[in-house]
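Before any comments, here is the structure.
Residue numbers (the working numbering): 11 to 156.
What follows is the structure, encoded as structure tokens:
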């Protein structure tokens with residue numbers, strides 16, 4: 011069975027709710043799925059993840075949410091190519107009223123690729139009315155792993 015790890019970075023809870031929706035969809039498609047806040051995962055285990063879905067909200071002026079900062083810093087410090095066994099996709103949440111729309115998700119997408127992970131589906135950047143875009147992303151990424 012294919013296992014998917016869904017990591018969420020959030021300040022207000024939207025990313026967490028989406029992570030739960032992703033796991034429900036994954037389990038309904040026969041996948042093994044776990045969702046964790048980015049502050050929960052042990053950074054030493056990060057490089058062992060094979061199938062990763064990131065759901066991350068942008069906070070403040072283009073910043074990582076508080077629960078994502080430490081893990082993001084850890085991943086930035088990894089060696090080039092260290093994530094070559096990882097497949098990933100990113101769902102970014104933001105607000106087009108801000109100049110750095112979805113910046114935190116864009117940074118995750120960039121750093122995962124830089125460290126050697128393989129993008130299996132293009133990042134989707136969602137505005138405040140994110141439901142339809144998120145649902146489409148979820149359907150597409152789950153279909154890839156199912």
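C-beta atoms are modelled at their ideal positions from N, C-alpha and C, and glycine is treated no differently.
Residue i (DSSP reduced to helix, strand or coil)
i: residue 81; result: helix
i: residue 160; result: The chain is shown only over 11 to 156; residue 160 falls outside these bounds and no answer can be derived.
i: residue 125; result: coil
i: residue 73; result: strand
i: residue 87; result: coil
i: residue 114; result: helix
i: residue 108; result: coil
i: residue 55; result: helix
N-terminal and C-terminal residue of the beta strand (DSSP E) that residue i is part of
i: residue 61; result: 61 to 67
i: residue 135; result: 134 to 136
Limits of the alpha helix (DSSP H) - the one that residue i falls within
i: residue 28; result: 24 to 38
i: residue 144; result: 141 to 155
Exposure label - residue i; buried when at least 16 CB within 10 Å
i: residue 56; result: buried
i: residue 54; result: exposed
i: residue 97; result: buried
i: residue 87; result: exposed
i: residue 154; result: exposed
i: residue 120; result: exposed
i: residue 59; result: buried
i: residue 156; result: exposed
i: residue 26; result: buried
i: residue 40; result: exposed
i: residue 144; result: buried
i: residue 139; result: exposed
i: residue 68; result: buried
For residue i: DSSP bridge partner residues
i: residue 16; result: 45, 63
i: residue 92; result: Looking at the DSSP assignment, residue 92 forms no beta bridge with any residue, so it has no partner.
i: residue 97; result: 61, 128
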